[in-house]
Amino acid sequence: MTFSLSIAASLALLFAAILISVTISTVRCNISPSPSNPRSIRYICTMLSKYRTQGVVYDTGSGWGTLACAIARKAPDMRVVGYEISLFPYLFSLLLKRILRVGNVTFMRKDFFAEDLSPADGIVCFLYTKAMARLKEKIERECRPGTLVISNTFAFPGWREREKVVVADLFRTPILVYVAGS
Ligand SMILES: C[S@@+](CC[C@H](N)C(=O)[O-])C[C@H]1O[C@@H](n2cnc3c(N)ncnc32)[C@H](O)[C@@H]1O
Numbered sequence: 002m003t004f005s006l007s008i009a010a011s012l013a014l015l016f017a018a019i020l021i022s023v024t025i026s027t028v029r030c031n032i033s034p035s036p037s038n039p040r041s042i043r044y045i046c047t048m049l050s051k052y053r054t055q056g057v058v059y060d061t062g063s064g065w066g067t068l069a070c071a072i073a074r075k076a077p078d079m080r081v082v083g084y085e086i087s088l089f090p091y092l093f094s095l096l097l098k099r100i101l102r103v104g105n106v107t108f109m110r111k112d113f114f115a116e117d118l119s120p121a122d123g124i125v126c127f128l129y130t131k132a133m134a135r136l137k138e139k140i141e142r143e144c145r146p147g148t149l150v151i152s153n154t155f156a157f158p159g160w161r162e163r164e165k166v167v168v169a170d171l172f173r174t175p176i177l178v179y180v181a182g183s
């Protein structure tokens, strides 16, 4: 009885710690770690494999790792790097990588704005309006012309998309495909 009570108390504490940590980083980053839904993930993987089957892809803000793992599984010849700032989503993505046994994905607990994205052949993101403007400047500064960029929901200001699909989900989620420098 005491044993099961202490397990319940530990689980409640862990849950509270996750909730507090996720809330703090949501406020700091202006975005929650809500994952792309399964249909959007399918579209993003399809779009990516239409244009790129090799090279390095960054998930800028990889959340729980579901999108990055899906890309890595769909494109075994690509190397996927997920940058995530929020602790528990990051830890979960490490676990997911192990459970799914995906070798070609790496997760790092880093602010992607402070990282070098110049090796990118592709970048995927699901961010928010203000971050899109900042990421656009970073891509223009660092990345090679021809780098493929796929955004869930949010458009890059001033860029014309190469392709746009609307996912048949409740929110009619737009998936926008760009080619940097074009
Ligand atoms: C909406 S989630 C998207 C997760 C994943 N890319 C997907 O589509 O399923 C956005 C994530 O970006 C992370 N994030 C926001 N700004 C970041 C930054 N500067 N560096 C690293 N991660 C960041 C947030 O913590 C959040 O988990």
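To convert, note that position 20 of the sequence shown is 21 in this note's numbering; the numbers rise steadily by one, no gaps.
All C-beta atoms in this analysis are idealised placements derived from N, C-alpha and C, irrespective of residue type, glycine included.
Because the structure is a prediction, the values reported are computed rather than measured.
Per DSSP, the bridge partner or partners of residue i
{"i": "Val165", "result": "A small fix is needed here, since residue 165 is Lys in this sequence, not Val. DSSP output for Lys165 lists Leu177 as bridge partner(s)."}
{"i": "Thr61", "result": "Tyr84 and Cys126"}
{"i": "Met79", "result": "Gly56"}
Beta-carbon spacing of residue i, residue j below 8 Å
{"i": "Leu136", "j": "Cys126", "result": "yes"}
{"i": "Lys131", "j": "Leu118", "result": "no"}
{"i": "Pro146", "j": "Val57", "result": "no"}
{"i": "Ser26", "j": "Ser94", "result": "no"}
{"i": "Gly66", "j": "Phe16", "result": "no"}
{"i": "Arg53", "j": "Met79", "result": "yes"}
Cβ distance (whole Å) where residue i is taken to contact residue j below 8 Å
{"i": "Glu85", "j": "Gly104", "result": "Not a contact, Cβ separation roughly 19 Å."}
Inter-residue Cα distance where the pair is residue i and residue j
{"i": "Ala156", "j": "Asn31", "result": "17 Å"}
{"i": "Glu116", "j": "Tyr59", "result": "11 Å"}
{"i": "Tyr44", "j": "Leu6", "result": "45 Å"}
{"i": "Ala181", "j": "Ser37", "result": "22 Å"}
{"i": "Tyr179", "j": "Cys46", "result": "14 Å"}
{"i": "Thr3", "j": "Ser22", "result": "28 Å"}
heavy atom of ligand 2 below 7 Å from residue i C-beta
{"i": "Asp60", "result": "Questions concerning ligand 2 fall outside what the structure shown contains, since the ligands it does hold are ligand 1."}
**Request:** Run through the region 108–153 for me and flag every whole beta strand (DSSP E) of 3 or more residues, listed as ranges in chain order.
**Result:** 123–126 and 149–153
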